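Asker: Protein sequence lines, in the order shown, are assigned to chains A and B. Mapping to my numbering: the first sequence position 127 is 127, numbers consecutive. Heads up, my numbering is the position in the second sequence plus 263, with the first residue counted as 1. Ideal Cβ positions, reconstructed from N, Cα and C, are used throughout, including at glycine. From a predicted model like this one, the values you see are computed outputs, not experimental measurements.
Number of protein chains: 2
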Amino acid sequence: MIITSEPVLRPGAEPSVRTLARGLSVLSVFDDGAPSMRAADVAARAGLNRAATARVLRTLVHLGYVRYHGEKFALTHQALELGHGYLSGSPLVLASRQSVEWLTDEFDEPCTVGVLAGGDVICIAATRVPGMIRAGLTVGVRIPAHASSMGKVLMAGLSESDFRSAMDASQFSRLTEQTIDSTERFRLEIEQVRRQGYAVNDSELQSGHRTVSVPVKDRAGAVVAAVGVNMLASPDTLHTATEAHLPLLRRAAERIAEGCAPE
Amino acid sequence: MIITSEPVLRPGAEPSVRTLARGLSVLSVFDDGAPSMRAADVAARAGLNRAATARVLRTLVHLGYVRYHGEKFALTHQALELGHGYLSGSPLVLASRQSVEWLTDEFDEPCTVGVLAGGDVICIAATRVPGMIRAGLTVGVRIPAHASSMGKVLMAGLSESDFRSAMDASQFSRLTEQTIDSTERFRLEIEQVRRQGYAVNDSELQSGHRTVSVPVKDRAGAVVAAVGVNMLASPDTLHTATEAHLPLLRRAAERIAEGCAPE
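#1: Output yes or no for whether 9 Å exceeds the beta carbon distance between B:G522 and B:S362.
#2: B:V378 CB to nearest chain A CB: under 9 Å?
#3: Could you tell me the distance, in whole angstroms, from the CA atom of B:D383 to the CA atom of B:L417?
#4: Taking 9 Å as the CB-CB cut-off, is A:V61 touching chain B?
#5: Does A:V153 come within less than 9 Å of chain B when only Cβ atoms are used?
#6: Under 9 Å between C-beta atoms, does B:F293 make it to chain A?
#7: Between which two residues does the beta strand (DSSP E) holding B:Y534 run?
#8: Taking DSSP's pairing of strands, which residues face A:K72 in a bridge?
#9: May I ask which residues mark the beginning and end of the beta strand (DSSP E) holding A:S213?
#10: Going along chain B, which residues have a C-beta under 9 Å from A:Y68?
#11: Give the DSSP bridge partners of A:S36, in chain order.
#12: Can you grab the Cα-Cα spacing for the pair B:L323 / B:D481, in whole Å?
#13: Spatial neighbours of B:T375 within its chain, please: CB distance less than 6 Å, with the 5 preceding and 5 following residues excluded, ordered by chain position.
#14: Find the nearest neighbour of B:F457 within the set B:K415, B:M430, B:T442 and B:R448, judged by alpha-carbon distance.
#15: Compare the beta carbon distance of A:S159 and A:E177 with 9 Å and say whether it is the shorter of the two.
#16: Look at A:P215 and A:A166 and say whether their C-beta atoms are less than 9 Å apart.
#17: Using the Cα positions of A:I133 and B:A485, report the straight-line distance between them to the nearest angstrom.
#18: Run through chain B and tell me which residues come within less than 7 Å of A:Q171, C-beta to C-beta.
#19: What do you reckon, are the CB atoms on B:H332 and A:S90 nearer than 9 Å?
#20: Looking only at its own chain, which residues have a Cβ that is under 8 Å from the Cβ of A:A299, when we skip the five neighbours before and after it?
#21: Rounded to the nearest angstrom, how far is the Cβ of A:Y198 from that of A:L246, given a contact under 8 Å?
#22: What three-state label does DSSP hand A:I180 in the structure shown?
#23: Could you check if A:T104 is buried or exposed, using at least 16 other CB atoms within 10 Å of its CB as the buried criterion?
#24: Could you give the uninterrupted runs of the alpha helix (DSSP H) lying entirely in the segment 356 to 395 of chain B, keeping only those of 4 residues or more?
#25: Hey, how far is the Cα of A:A225 from the Cα of A:L205?
#26: Looking at B:G327 and A:F30, is the spacing between their C-beta atoms short of 9 Å?
#27: Between A:R22 and A:V66, how many whole angstroms is the CB-CB distance? I'm expecting something under 8 Å.
#28: Compare the C-beta of B:I387 against all C-beta atoms of chain A and say whether one is closer than 9 Å.
#29: What separation, rounded to the nearest whole angstrom, lies between the Cα atoms of A:V139 and B:R360?
#30: Is B:L511 close to chain A? Criterion is C-beta to C-beta, closer than 9 Å.
#31: From A:D168 to B:G471, what does the alpha carbon distance come to, in whole angstroms?
#32: Between B:V356 and A:S148, what straight-line distance do the alpha-carbon atoms span, to the nearest angstrom?
#33: Would B:P298 pass as an interface residue toward chain A - the criterion being a Cβ-Cβ separation below 9 Å?
#34: Just checking my contact of B:A342 with A:G157 at CB under 8 Å: how many whole Å lie between their CB atoms?
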């Protein structure tokens, strides 16, 4: 979803260290928008030259993380393992998983927890509702922060300098008619989120979907994650979301924060 | 769960390529059993010397994939993204996800789809049942093939030479009183799985859990994945599993195979 650029390393970095950085860049450019790509597209997305990209891809194919089929490269299931240790090791993830399951039980709607990475939200816990065709998010996916309610509460929790960096990292791409696509309007939105303590995304990421999120704050009051619920964007669900869902979302956020406390 | 060894690269591999291989080894040693480790433990698990491990860890911390806290290293949420492109790009994963959701709806039990990687099964789709404390698997987790019903059907589908390699890769570690921990008994078990077309795991991975799995076969008849259901291991669920659940598991397997056809 995001076009990365050459990984930042100090100028004197050893070539071997640089190759590791490049290899990880290459792995991370495969996403929902580009699950399989020609080498030239991988190079463009990773911000690398073709020769370096070709060498990295060859190594990744050799090691089993990437497969080559029909002139295109794609990740293999082996790549999936690389980040799995985070899911099993982070108290934040474990507490989030329990809380979204509890919320889904209460709401009968898909629920998610996300953290901020640059201008994106990374989903670290998610539920789907069996039998419901409407898709929620899956763990590991990145979504643009400016177009999601999780992203808004996460950005609202940043210090002014971190907020500016996140704004710079955001591309404010327009995903639907409703997406907030200017920094000025987004600033106003964030001020409102700070005042009210929750964020709403009304068809801004995907038409017909409304999400409502609240911040998860650690003991020091820092926003460490966001927890949200995904609903259809019909007029009556706005009332449900802000009246009925908010208290339970806040309770879930407190539980997640408590579950994290031992870290 | 698995102790990896120095990645296999041709002897003349450039140092930079070798560092990429080592970096990926280091990322993949973090798992359920060791979510955070001291540098020496990372080195031991990755089968690398301490100097190489220290250099790789330093790079991974610098790039944001690993964090250092209280003398231990752990993955960050950034590592989670590395494999996500596989989840969004593979038709097998997409079809599997739909099918496990349908199965969970039918059974009201956690269901999973897995693929084989050496002596392990990697979970590529999984459901949890809201409100049920009993945990299912999560996507990306590796479990030992010899102690799971998915692993048994996957291994039963291998050619004799691939079967031998997978047997060699398996450590036949004893996880419960019921785990099959000898190659001889495992061979007999696989012969039975081949005859009956499904596999049962009765408290072999985790006490009190029974799972039943069937193979997903592509058009050429090759086993490409396994789909299974997770139940409590009470005497009456054995009947439910083999009588009531098997037909639906087989239907799910066919759906997954059809969903994959375009690949």
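Answerer: Here's the rundown:
#1: As a position in the second sequence, residue 522 of chain B is number 259, starting the count at 1. As a position in the second sequence, residue 362 of chain B is number 99, starting the count at 1. The answer is yes: Cβ separation under 9 Å.
#2: In the second sequence, residue 378 of chain B corresponds to position 115, counting from 1. Under the Cβ criterion of 9 Å, B:V378 is counted among the residues facing chain A.
#3: As a position in the second sequence, residue 383 of chain B is number 120, starting the count at 1. As a position in the second sequence, residue 417 of chain B is number 154, starting the count at 1. Within the model, the alpha-carbon separation for B:D383 versus B:L417 is close to 10 Å.
#4: By 1-based counting over the first sequence, the position of residue 61 of chain A is 61. Put simply, the CB of A:V61 is far from chain B, with every gap to its CB atoms at 9 Å or more.
#5: Taking the first residue of the first sequence as 1, we reach residue 153 of chain A at position 153. Not one chain B Cβ lies under 9 Å of A:V153.
#6: Here residue 293 of chain B refers to the residue found at position 30 of the second sequence. Taking a beta-carbon distance threshold of 9 Å, B:F293 counts as an interface residue toward chain A.
#7: Here chain B has residues from 264 to 526 only, and residue 534 of chain B is not among them.
#8: As a working mapping, residue 72 of chain A is identified with position 72 in the first sequence. Answer is A:H69, bridged to A:K72.
#9: The sequence position of residue 213 of chain A within the first sequence is 213, counting from 1. Looking at the DSSP string, the run of the beta strand (DSSP E) that includes A:S213 is H209 to K217.
#10: By one-based count along the first sequence, residue 68 of chain A stands at place 68. The premise fails here: A:Y68 is roughly 14 Å from chain B at the closest Cβ pair, so nothing lies under 9 Å.
#11: Position 36 of the first sequence, counting from 1, holds the residue named residue 36 of chain A. DSSP lists A:A74 as the beta-bridge partner residues of A:S36.
#12: Mapped onto the second sequence, residue 323 of chain B falls at position 60. Mapped onto the second sequence, residue 481 of chain B falls at position 218. Those two C-alpha atoms are separated by around 39 Å.
#13: To locate residue 375 of chain B, count along the second sequence from 1; it is residue 112. These residues qualify, in order along the chain: C386, A389, L400 and G491.
#14: For the purposes of this step, residue 457 of chain B is taken as the residue at position 194 of the second sequence. Per the sequence shown, the amino acid found at residue 457 of chain B is Arg instead of Phe. Taking B:R457 as reference, the option from B:K415, B:M430, B:T442 and B:R448 with the minimal CA-CA separation is B:K415.
#15: Mapped onto the first sequence, residue 159 of chain A falls at position 159. Mapped onto the first sequence, residue 177 of chain A falls at position 177. With contacts defined by Cβ atoms closer than 9 Å, A:S159 and A:E177 do not form a contacting pair.
#16: Taking the first residue of the first sequence as 1, we reach residue 215 of chain A at position 215. Taking the first residue of the first sequence as 1, we reach residue 166 of chain A at position 166. In this structure, A:A166 does not lie closer than 9 Å to A:P215 by Cβ.
#17: Here residue 133 of chain A refers to the residue found at position 133 of the first sequence. Here residue 485 of chain B refers to the residue found at position 222 of the second sequence. Confidence at A:I133 is low in this model, with a pLDDT of 49, below 50, so the placement of that residue should be treated as unreliable; the coordinate-derived value is given next. About 30 Å.
#18: Residue mapping note: residue 171 of chain A aligns to position 171 of the first sequence, counting from 1. Neighbours of A:Q171 across chain B, judged by C-beta separation under 7 Å, do not exist; the nearest C-beta is about 17 Å away.
#19: Residue numbering aside, residue 332 of chain B sits at position 69 when the second sequence is read from its first letter. Residue numbering aside, residue 90 of chain A sits at position 90 when the first sequence is read from its first letter. In this structure, A:S90 does not lie closer than 9 Å to B:H332 by Cβ.
#20: Nothing about residue 299 of chain A can be reported from this structure: the residues present for chain A run from 1 to 263 only.
#21: Here residue 198 of chain A is taken as the residue at index 198 of the first sequence, counted from 1. Here residue 246 of chain A is taken as the residue at index 246 of the first sequence, counted from 1. Taking 8 Å as the upper bound for CB-CB distance, A:Y198 and A:L246 are in contact here, some 6 Å apart.
#22: Within the first sequence, residue 180 of chain A is the residue found at index 180, counting from 1. In the structure shown, A:I180 sits in coil (DSSP, three-state: anything other than H, G, I, E or B).
#23: Within the first sequence, residue 104 of chain A is the residue found at index 104, counting from 1. By the neighbour-count rule (16 or more Cβ atoms within 10 Å), A:T104 is buried.
#24: Correct list: empty.
#25: What you label residue 225 of chain A is simply residue 225 of the first sequence in a count that begins at 1. What you label residue 205 of chain A is simply residue 205 of the first sequence in a count that begins at 1. Separation of A:A225 and A:L205 (C-alpha to C-alpha, rounded to the nearest whole angstrom) is 19 Å.
#26: Walking along the first sequence from the start, residue 30 of chain A turns up at place 30. Walking along the second sequence from the start, residue 327 of chain B turns up at place 64. The answer is no: Cβ separation not under 9 Å.
#27: The count along the first sequence starts at 1 and reaches residue 22 of chain A at position 22. The count along the first sequence starts at 1 and reaches residue 66 of chain A at position 66. Going by Cβ atoms, the distance from A:R22 to A:V66 rounds to 13 Å, so no, they are not a contact pair.
#28: As a position in the second sequence, residue 387 of chain B is number 124, starting the count at 1. At a cut-off of 9 Å, the C-beta of B:I387 has a neighbouring C-beta in chain A.
#29: Taking the first residue of the first sequence as position 1, residue 139 of chain A is located at position 139. Taking the first residue of the second sequence as position 1, residue 360 of chain B is located at position 97. So the two alpha carbons sit approximately 13 Å from each other.
#30: Within the second sequence, the letter at position 248 stands for residue 511 of chain B. No - not a single Cβ of chain A is within 9 Å of the one on B:L511.
#31: Translated into positions along the first sequence, residue 168 of chain A becomes position 168. Translated into positions along the second sequence, residue 471 of chain B becomes position 208. Taking the Cα positions, A:D168 is about 52 Å away from B:G471.
#32: Counting from one through the second sequence, the residue named residue 356 of chain B turns up at place 93. Counting from one through the first sequence, the residue named residue 148 of chain A turns up at place 148. Distance between the alpha carbons of B:V356 and A:S148 is about 25 Å.
#33: Numbered from 1 along the second sequence, position 35 holds the residue referred to as residue 298 of chain B. It does: the Cβ of B:P298 has a partner Cβ on chain A nearer than 9 Å.
#34: Here residue 342 of chain B corresponds to residue number 79 of the second sequence, with the count starting at 1. Here residue 157 of chain A corresponds to residue number 157 of the first sequence, with the count starting at 1. Contact check for B:A342 and A:G157: beta-carbon distance about 23 Å, past the 8 Å limit, so the pair fails to qualify.
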